[in-house]
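Just so we're aligned: 184 in this note's numbering is position 184 of the sequence shown, and the numbers increase by one with no gaps anywhere.
For every residue, glycine included, the Cβ atom is placed at its ideal position computed from N, Cα and C.
On a predicted model such as this, the values are computed, not experimentally measured, just so you know.
Have a look at the structure below, then the notes.
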Amino acid sequence: MNKLLIYLGVLSGIVLFASCYNNKKDITTPTATSLAAISFRDDVAPIMVSGACGCHNNGTTSAVQFSHLDTIFYSTIQSRSGVYAAMISTPSIGHPGEGGVFFSPAQAAVISSWIAQGAKDNYVPPAITGPVTYTTNIVPIYKSVCKGSACHGGLGANLDYTKMVADKDILSKMMASSGASGHPGGTLSLDATTTSTFLAWISQGMPQ
């Protein structure tokens, strides 16, 4: 009976540990070859949806969400490359939020190489052929990519349909350059899914 209880206790501990371990992919020590061509979605994003970044992935805090369940918000992760660079260059400051969160040497090497290579998203989305509307397609992007304490809804102004339509020329320039120009608040890094969706919406007359 005692052996059975011990066995059940060990098994319960394993199950509990597995449920807490939320990494989508383990990060191993990078080699010079692997660092020469970093994949944003295969190498960088997994770091940001790992257990160490739990506050950004649990859906229960006010922190900017990098993922929810099986959905990963790639644009949100990519747009914060400057924050990651600061965390790596000034470890004493580290994570801008509460808690001592730091990148491991292997993680820092991957992220630093990605930033040096332009902090780009290597994913090429399929061509958009159907209708694109503000409510269905643009609002979800705005909420996950553009909103935040240091962005729109925080230091920056809230945007709605009327304001976006009025800023059509600004949006067009931003999306055509993947965020490199046009944004009044400075340079952005926008992935192809975001830019192609906005450009399709604009070309379709910005329907609501």
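- When secondary structure is reduced to three states using DSSP, T162 falls in the helix class.
- Rounded to whole angstroms, the gap between the alpha carbons of A37 and A180 is 21 angstroms.
- Out of Y74, T193, N57, Y84, the CA that lies nearest to the CA of H68 is found in N57.
- In the three-state DSSP reduction, K120 falls in the coil class, being neither helix nor strand.
- Counting only residues of its own chain and dropping the five nearest sequence neighbours on each side, Y123 has a CB closer than 8 angstroms to the CB of F40, R41, Y74, D191, A192, T193.
- Here G185 is not near G154, since their CB atoms are 8 angstroms or more apart.
- When the beta-carbon positions are compared, S92 and S189 stay at least 8 angstroms from each other.
- By the CB criterion at 8 angstroms, I88 and F103 fall inside the cutoff.
- Straight across, the Cα-Cα distance linking T136 with F198 is about 12 angstroms.
- Going by DSSP, M206 is part of no alpha helix (DSSP H) at all; its letter is neither H nor E.
- Shown here for V64: same chain residues with a beta carbon closer than 7 angstroms to its own, the five before and five after excluded, namely H56, T76, G148 in chain order.
- For P46, the enclosing alpha helix (DSSP H) covers residues 45-48.
- If you check the CB distance, Q208 and P131 do not come in under 8 angstroms.
- Taking a C-beta distance under 8 angstroms as the contact criterion, P125 and S50 do not qualify as a contact pair.
- In this structure, the straight-line span from the alpha carbon of P96 to that of I138 is close to 28 angstroms.
- Shown here, S67 sits in a strand according to DSSP, grouped into three states.
- Under the three-state reduction of DSSP output, H152 falls in the strand class.
- Residue burial is scored here from C-beta neighbours: A119 has at least 16 other C-beta atoms within 10 angstroms and is therefore classed as buried.
- For I138, no alpha helix (DSSP H) segment is defined, and its DSSP state is neither H nor E.
- As a beta-bridge residue in DSSP terms, I72 pairs with S67.
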